[in-house]
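Chains as they are written, first to last, in my numbering: chain A, 1 to 437; chain B, 1001 to 1437; chain Y, 2001 to 2437.
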């Protein structure tokens, strides 16, 4: 057992609490993750009980109890993250992955965060949304010195408020977030009966600009990102969210990109029930099918999963459900139509004759791609190519799952008579009636 | 009369309903529109009554009643749409126009949508926001096979929830929406007394990137669009919204562009009363003069039109009220000021001497333009050039209109003494008092 | 004393009020500002009492009472604005600065605005959010003729509704707002007991695109702005917001840029209590730590400043807290990694060996810069370089201030034991436990 000296500043925390004297502290074990799959919920091995969340293509960090304090050890470090099968990215993250592990604590817990910097430059961690002493806020230069490479710093505060939070650097911030440094934080309520749900998911929205054939994000991109991610994964690399029919479902989503992401759920209406600022009283909620999440915001949405099936869950900006190769392709429709001098009535048949045929073939075709590059549109569903990428996955609602069954059940088997079908008769040109005033 | 065989899958719909056996169905008549003007509201010729909406520069699709089912026929096809007088675009749409016709049904109606694909590539239709069987959701590859060119498919579901919806492809989605494929859907409440209004408008926000001199949108543009539309029309091609003084007015707006559009109304405050997820309880509403509509969101706003006049209604992003030629013009102000070494006190008069004179002349001048290209700023109002384009129109509030009068009443006649006026005395330099601590 | 003839149109205003006959009016004194520092609140020297606001890096315009009417004189003119020490910009503004002065009136006040145009092109002023006669709405061409250079026009209306508003041109709008023409307007409530606060701040969000080494904004930029401002100031040129511990604080922010700005406050939750459309009932408010402000929207946020310290207040889009030199820098991390063929397990150490070291050095280093250009990251805090720019400042919460003390109190002195600290023992590689299912 390594035991190290840990010289705490002592004295009083704002709010009356005391920084513990940890004279002979040893650093908590450094737990890392080498998988990209969604890990099963992590029931608390010590401390007070709670209903753990499921981090989409992520995991929760174990802790150590030390004199009543929950001690976590985050290490900021370069990582290699598979964004989807066929593409790995050189990112910066925490404990082996980007995003870092989810931190789960209980309202009122005293928390001690050991942060080791294994990056080539200094960093800090800001505990976005938390109420804490100014000196624990993690803004480099303003509330603390930067954490130099090779050093470990210690933050300590009481998780005063239940809710959904994030953590990320407040040091060389544009670059470090563009490289993937971020993680989710859930503070569970003191009373487990407060706003209970059957399924509780969390993930972050992030975006990268990685040139086809390359591995490392361009860090000064402000607008032209080409890979839009749920928790540093793009479709078809994003796991499905698996729930039982009639489950009460919560999905907590935070945005650390450079633009709004309107997250759209098919087949169900939901309400935003919480933000990183707190829970929203029932009377103030709006029914929605698309929640527009601003940068630096967390939104918890809730709904009853009443409709069995495979329901798309995606960003509604259509470019954000495409992968990198979709950006910069030339327009293939109507290239030579600039000088077109046809009349209105003759234009349509001519147009079809000379126009291109759209890009749908790209969802199925075997276009040669640079190494380490995803096709623009990909993913195979039960009925062929899904023609998506980026911020797209499915909510799978099923009758026959167990309470703790998070395993992908495969594609939905549509009951007979419930699916759109082809009209199979002969199909001459129908009469064409014109309206208009 | 053509009668075709229509082989339905039979059996049970989720929710207990049955897909009707339509053994000898014929395809409903294909009704198309060749006008770009706002069509008068379409009172229901059959089925249950409702108060029809007015689609801005659009129309509502007639249906056929067939054994208690409302049957509509949408045909996806290339269209030529006049965006404003002087500019036509090669788009993809439905039934002769882009956007497609508005679908109007009543809460509880069973609806059968025949969708014929006359595009050069496959497509589907997703019924955005509707509660329906998973197999009717229209996500190509995921919930159904794609609809190949030349084929007709049939969707059937009950319109379970009153509100405002959209329809658009979920197949080669980025390209097909960039080409204009979309339409509005209004499900009227079962009880016509629910949230009644005097005027009820609906339109979609869409954007195109069409190079000056060209006709066809560039389909891979993510950010640099140059034509921002209300229902595939730009100012001065957008009709006015005509209402009577004191009318309760609802405007339903959906966003299928790639960015937020903050829609701003002059002279009145409004509330958002509904989304594509449902109606918003009165206690949860916020007073607004600008509603920021996220992509893939519908917003119904309501207000009492108490103030007579011509009130601007526009996107508040100033580039979105400019047409294509406004993008890429060089800065003409202060071009040679880089080496300016004047002191603060002498800078202002010098600056005026050498600076450019702004771009306002462009609203009035006769700049030579490429064919099929709109000027950056245009439109003539009662007091000269309005200097706008794109997402701009007027709400015309008048005392002397009939309940069903939607015809443009011309410009507002301002009562004497109610208008800003010129100060007509001599105007020497007034004394200039400086403040500052 | 100059006395000028002012020929008013006479007669009746919509709503029953009368435009005053001002037969022998003289133009109100033209008051200008030559400081960029936040001016102390301006207690009303005449008219009804109110609790004045503090305009961040701005000021409030004095008025003249004339027969019960509050008369203000705004002059639109080219100005030179220091964006931060070391950089001045050639802008267009009002009364010596951009933004123009804040207008403060009381609900029910009759207001007469004299607007003199000293720009090289025509202009108007639109009183964003106000209820007024259509002819006072300030939309050039639509509700009035343009105001030519050299002329003065007069607007008159009753401030019918308490709240937060803006003013800006509705003439050559894209260019004139890109040049900085805008100002805040606060209509105080008739009853000073309505929603009282201890501190009341107001400012606008604006953005410029000024090439390094240049002084004048590029006026046709739609997306790629490089200077993101609070009231035409960028960090470290933005003053702090100074409040007392336990003060009820209101911050009113309006957005006149081209994109959403998610304004994030550290250490406190807040509620949006008002928009430019009105005040939000308590039951409809959401708890937040980040408010996403759409373009053309005003948001008043309120909170109790319970936590002493220096709390960051900033836009959460990380590029918006960088100055101009941060845009366009090449990616220095992993430039030569394209051909990297290492296996997963060996990649991480290799990556660190060859990768760049981030950009944090730029916060401290003395990089040679073009004249009149700010470094990408700058600002010195109590613990070193803050590494920020653009839309970033601090809320300084202190125990020992007077009610009317707005002077910057310097950096927060953190009580012992309340700050993150270094772990000072020896630090061997901790054991690395791997998880994963």
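We put the beta carbon where it would ideally sit given N, CA and C, even for glycine.
Check: Contact set between residue 1262 of chain B and chain Y, taken where Cβ atoms lie within less than 7 Å; Outcome: 2294, 2295, 2296, 2297
Check: Same chain, Cβ closer than 7 Å to residue 1247 of chain B, five either side skipped, listed in chain order; Outcome: 1198, 1199, 1305
Check: Paired residues, beta bridge with residue 51 of chain A - DSSP; Outcome: Note: residue 51 of chain A sits in no beta bridge, so no partner.
Check: Any C-beta of chain Y under 8 Å from that of residue 5 of chain A; Outcome: Bear in mind that a pLDDT of 31 at residue 5 of chain A, under 50, signals an unreliable position, so the model cannot answer this.
Check: Neighbour flag for residue 2386 of chain Y against chain B, beta carbons, 8 Å; Outcome: no
Check: Ranges of the beta strand (DSSP E) found wholly within the segment 1218 to 1290 of chain B, counting only runs of at least 3; Outcome: 1227 to 1230, 1241 to 1244, 1248 to 1255, 1261 to 1265, 1270 to 1275
Check: Simplified DSSP assignment, three categories, for residue 314 of chain A; Outcome: strand
Check: Per-residue contacts from residue 1357 of chain B into chain Y (C-beta, under 8 Å); Outcome: 2120, 2121
Check: Given residue 2119 of chain Y as reference, the closest of Y:2321, Y:2303, Y:2074 once Cα atoms are compared; Outcome: Y:2074
Check: Ranges of the beta strand (DSSP E) found wholly within the segment 168 to 206 of chain A, counting only runs of at least 3; Outcome: 183 to 188
Check: Residues in the segment 148 to 167 of chain A having any Cβ partner in chain Y nearer than 7 Å; Outcome: 151, 152, 153, 154, 155
Check: Residues near residue 398 of chain A in its chain [Cβ-Cβ closer than 8 Å; skip 5 each side]; Outcome: 242, 243, 244, 245, 308, 409, 412
Check: C-alpha distance - residue 2258 of chain Y paired with residue 1316 of chain B, whole-angstrom precision; Outcome: 8 Å
Check: Contact check, residue 2031 of chain Y vs residue 2070 of chain Y, beta carbons under 8 Å; Outcome: no
Check: Where residue 1174 of chain B meets chain A, residues with beta-carbon distance less than 8 Å; Outcome: 318, 319, 321, 322, 326, 359
Check: Beta-carbon neighbours of residue 2302 of chain Y, restricted to chain A and to distances below 9 Å; Outcome: Near residue 2302 of chain Y there are no residues of chain A at all, since even the closest Cβ is about 12 Å away, more than 9 Å.
Check: Under 8 Å from the C-beta of residue 1287 of chain B: neighbouring residues of chain Y; Outcome: 2275, 2277, 2278, 2279, 2280
Check: Interface flag, residue 208 of chain A vs chain B, CB-CB below 8 Å; Outcome: no
Check: Cross-chain neighbours of residue 141 of chain A in chain Y, by beta carbon under 9 Å; Outcome: 2363, 2379, 2380, 2381, 2382, 2383, 2384, 2385, 2386, 2387, 2388
Check: Backbone CA spacing between residue 1433 of chain B and residue 2178 of chain Y [nearest angstrom]; Outcome: 27 Å
Check: Under 8 Å from the C-beta of residue 311 of chain A: neighbouring residues of chain B; Outcome: 1134, 1137
Check: Below-8 Å beta-carbon distance, residue 110 of chain A vs any chain B residue; Outcome: no
Check: Residue 1059 of chain B: CB within 7 Å of a non-hydrogen atom of the ligand GDP; Outcome: Here there are no bound small molecules, and the ligand GDP is not part of this structure.
Check: For residue 1219 of chain B and residue 1228 of chain B, believed in contact at Cβ under 8 Å, the rounded distance; Outcome: In fact, because the Cβ distance is near 17 Å, the residues do not count as touching under 8 Å.
Check: Per-residue burial, residue 2260 of chain Y [other beta carbons within 10 Å of its own, 16 or more giving buried]; Outcome: buried
Check: Contact set between the segment 2061 to 2083 of chain Y and chain B, restricted to residues whose Cβ is under 8 Å from the partner; Outcome: 2062, 2073, 2077, 2078, 2079, 2080
Check: Chain B contact residues for residue 2131 of chain Y, given Cβ-Cβ distances below 9 Å; Outcome: 1267, 1268, 1269, 1306, 1307
Check: is_contact[residue 407 of chain A, chain Y] using C-beta, thresh 8 Å; Outcome: no
Check: Closest residue to residue 2167 of chain Y among Y:2102, Y:2415, Y:2194 (Cα-Cα distance); Outcome: Y:2102
Check: Residue-level contact to chain Y via CB, residue 1097 of chain B, 8 Å cutoff; Outcome: no
Check: Beta strand (DSSP E) segment containing residue 1162 of chain B, residue limits; Outcome: No beta strand (DSSP E) holds residue 1162 of chain B; DSSP gives it neither H nor E.
Check: Three-state class that DSSP yields for residue 1135 of chain B in the structure shown; Outcome: helix
Check: Opposing strand residues paired with residue 421 of chain A [DSSP bridges]; Outcome: B:1154
Check: As assigned by DSSP and simplified to three states, the class of residue 1320 of chain B; Outcome: helix
Check: Segment limits, beta strand (DSSP E) that includes residue 1116 of chain B; Outcome: 1110 to 1117
Check: Three-state secondary structure assigned by DSSP to residue 1305 of chain B; Outcome: coil
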